[in-house]
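There are 2 protein chains.
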Amino acid sequence: MINKMELTKKERDTVIAVGDSGNNAFPLRLVDLSLLLKVKPPTALNLVRRLSRKGCLKDEKGMIIFTDKGKKAYLELVENHRVMETLMASSGMDPDKACILSENIDYLIDHNSVDRVFDKLGKPESCPHGKKIEQIH
Amino acid sequence: MINKMELTKKERDTVIAVGDSGNNAFPLRLVDLSLLLKVKPPTALNLVRRLSRKGCLKDEKGMIIFTDKGKKAYLELVENHRVMETLMASSGMDPDKACILSENIDYLIDHNSVDRVFDKLGKPESCPHGKKIEQIH
DNA sequence: TAATTAATTAGCATCTTACTAATGAAATTA
DNA sequence: TAATTTCATTAGTAAGATGCTAATTAATTA
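Chains P and H are the protein sequences, given in the same order.
Counted from 1, the first sequence has number 6 at position 7 by numbering that gives the first Met the number 0; the numbering is strictly sequential.
Counted from 1, the second sequence has number 57 at position 58 by numbering that gives the first Met the number 0; the numbering is strictly sequential.
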């Protein structure tokens, strides 16, 4: 339940950055993360530390890796994000604006609410940007 | 355009508190505001000063009053809030949860987007809490 | 191994939010 | 009117989020 983890906005952005790069062959390193987040390495390190304290990341030999909890948080976050984004875009809002707004609430919503919205939307396959919406349990 | 005013969350809450109490006969005073915001008077004063700097409030003889800009910001905020709240509640979300989420985006949205959502929703007369939605131009 | 790149530490800075204690001003009441 | 009470304001402090630079240490790679 991400909404109970009390993430800050930047911590949320960090979870997304780590998760999105999880498809790559190489595990994420601090330089990469700091480039993704557009902050300097010490700032990125600070974020990694905070997320480690919250049980989302483990920092093994310079490689930034999700814990189970972190992986789950990421998946929830993505589903929350895409569902809310889809809701807003399907109501006439510009997709990019819907995306930015969704970034501000996706880490605050409880997953059950999102599931209900997802159903109400007719279980859409993808968000306005064409990315798949995968329902997690 | 509230979204261009770069309000913080607490500044947003302050605008709402001032506006909501604007129906009362007496103009709002600092003690009242600090009670509404559940903060101590010095904290409330700080918020009033910040909103004054941003051109939303004037502090006349201890009475906290909107400028034209502030009044307009309040009305936009309320419309934004109720429209987004209605959107979320109409999609199966619990009204109270929809309200809390809406508080986190109503001050970030551009009014035009909200107008489009309002139309798409069929120009609803009231939000899930039964409060009137009044379209401003 | 030497040179380069990456990670980390230390120190600092700004903004937001929020407090207490003290003081000054205004309003009420005795 | 004088005394009391309430309100507004100032000053000082604090914590947390975000972010930086400069210096150092560790790890890679050429």
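Just so it is clear, CB atoms sit at the ideal spot from N, CA and C, and this is done for glycine as well.
Fair warning: this is a prediction, and the values are worked out from it, not measured in the lab.
Distance check for residue j and residue i, CA to CA, integer angstroms please.
i, j, result
"residue 12 (chain P)", "residue 109 (chain H)", "22 Å"
"residue 167 (chain H)", "residue 130 (chain H)", "Lying before the first or after the last residue shown, residue 167 (chain H) is absent from chain H, which here runs from 0 to 136."
"residue 136 (chain P)", "residue 112 (chain P)", "13 Å"
"residue 15 (chain P)", "residue 45 (chain P)", "16 Å"
"residue 43 (chain H)", "residue 28 (chain P)", "43 Å"
"residue 125 (chain H)", "residue 134 (chain H)", "11 Å"
"residue 6 (chain P)", "residue 123 (chain H)", "34 Å"
"residue 41 (chain P)", "residue 96 (chain H)", "36 Å"
"residue 119 (chain H)", "residue 39 (chain P)", "43 Å"
"residue 52 (chain P)", "residue 8 (chain P)", "16 Å"
"residue 94 (chain H)", "residue 94 (chain P)", "24 Å"
When the distance is taken between beta carbons, is residue j closer than 9 Å to residue i?
i, j, result
"residue 87 (chain H)", "residue 76 (chain P)", "no"
"residue 10 (chain P)", "residue 50 (chain P)", "yes"
"residue 66 (chain P)", "residue 57 (chain P)", "yes"
"residue 127 (chain P)", "residue 90 (chain P)", "no"
"residue 32 (chain P)", "residue 47 (chain P)", "yes"
"residue 4 (chain P)", "residue 116 (chain H)", "no"
"residue 100 (chain P)", "residue 107 (chain H)", "yes"
Which one of the options has the shortest CA to CA distance from residue i?
i, options, result
"residue 62 (chain H)", "H:25, H:132, H:34, H:52", "H:25"
"residue 114 (chain H)", "H:97, H:127, H:132", "H:132"
"residue 143 (chain P)", "P:118, P:21, P:43", "As shown, chain P starts at 0 and ends at 136. That puts residue 143 (chain P) outside it, with no answer to give."
"residue 0 (chain P)", "P:42, P:15, P:74", "P:74"
"residue 78 (chain H)", "H:98, H:64, H:92, H:93", "H:98"
"residue 19 (chain P)", "P:7, P:41, P:72", "P:72"
"residue 64 (chain H)", "H:125, H:17, H:134", "H:17"
Classify residue i as helix, strand or coil using the three-state DSSP reduction.
i, result
"residue 58 (chain H)", "strand"
"residue 63 (chain P)", "strand"
"residue 27 (chain H)", "strand"
"residue 70 (chain P)", "helix"
"residue 20 (chain H)", "helix"
"residue 131 (chain P)", "strand"
"residue 89 (chain P)", "coil"
How should residue i be labelled, buried or exposed, when 16 other C-beta atoms within 10 angstroms of its C-beta is the threshold for buried?
i, result
"residue 121 (chain P)", "exposed"
"residue 54 (chain H)", "exposed"
"residue 84 (chain H)", "buried"
"residue 105 (chain H)", "buried"
"residue 30 (chain P)", "exposed"
"residue 2 (chain H)", "buried"
Any heavy atom of the ligand FAD closer than 8 Å to the CB of residue i?
i, result
"residue 86 (chain P)", "No copy of the ligand FAD appears in this structure; indeed no ligand is present at all."
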